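Per the numbering used here, the very first residue in the sequence shown carries number 1; after that it's consecutive.
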Amino acid sequence: MIKNDSEIEDAYVIVVLNYNDDIQHLTARSAGVYETNDVINAFMDELNVDFSIPVSPGQYVIAKYAVSNANSIFTHMAHLGFPESFPLPDEWIHLLSTEPQTQVSIENIEEKLNINAAIAGAGINIIVINKVPLL
């Protein structure tokens, strides 16, 4: 978790990672796409994180971004058998969803901001919290 003290209002960035040693070691060697796909898909652990941050009273914007293998270009290409070139018409590649799943909300907080993150399999959650400035 990172708290940005340079802002006029409170701001936080929280990064939650779910992976294992096998996934981490993929970057240290020349693993092929099929082995990489097998290692990532074999990791099925779930991570649930719940904690509270003491904050000053006010409204907070909370943006949660979830990046997972489910909506990655890697998974789309795995489903196509990792072809040497993209086998579909060029305009179809823009139809493949690779954007992070996003949730944005505003919460009125008195003293503690409760944060939770849940990741099934390999993934990253990024949570950005900003206090809404008083007008």
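Note that CB positions come from ideal geometry on N, CA and C, so glycine has one too. If you're wondering where the values come from, they're calculated on a predicted model, not measured in any experiment.
{"Query": "Taking the C-alpha atoms as reference points, what is the distance between alanine 70 and valine 49?", "Result": "20 Å"}
{"Query": "For the region 114 to 132 against the region 8 to 23, do three or more pairs of beta-carbon atoms, one drawn from each stretch, fall closer than 8 Å, so that the two count as touching?", "Result": "yes"}
{"Query": "Give me the DSSP bridge partner(s) of alanine 118.", "Result": "Asn48"}
{"Query": "Quick one: what does DSSP say leucine 26 is sitting in, helix, strand or coil?", "Result": "helix"}
{"Query": "In terms of residue numbering, what span does the alpha helix (DSSP H) encompassing asparagine 37 cover?", "Result": "33 to 42"}
{"Query": "Could you pull the DSSP bridge partners for threonine 102 from this structure?", "Result": "Tyr65"}
{"Query": "On the criterion of 16 or more Cβ atoms from any shown chain inside 10 Å, does lysine 131 qualify as buried, or is it exposed?", "Result": "buried"}
{"Query": "When DSSP labels each residue in this structure, what does glutamate 9 get in the three-state scheme?", "Result": "coil"}
{"Query": "Is it buried or exposed for tyrosine 60, if we count other Cβ within 10 angstroms and need 16 for buried?", "Result": "buried"}
{"Query": "Can you tell me which residues form a DSSP beta bridge with isoleucine 14?", "Result": "Ile127"}
{"Query": "Under 8 Å, with one C-beta from each stretch per pair, do the region 110 to 122 and the region 39 to 55 reach the 3-pair mark?", "Result": "yes"}
{"Query": "Can you round the beta-carbon distance between tyrosine 19 and phenylalanine 51 to whole angstroms, since I take them to be within the 8 Å contact cut?", "Result": "Not really, about 20 Å apart at Cβ, beyond 8 Å."}
{"Query": "Quick one: using the 10 Å Cβ neighbour count with 16 as the cut-off for buried, is alanine 28 buried or exposed?", "Result": "exposed"}
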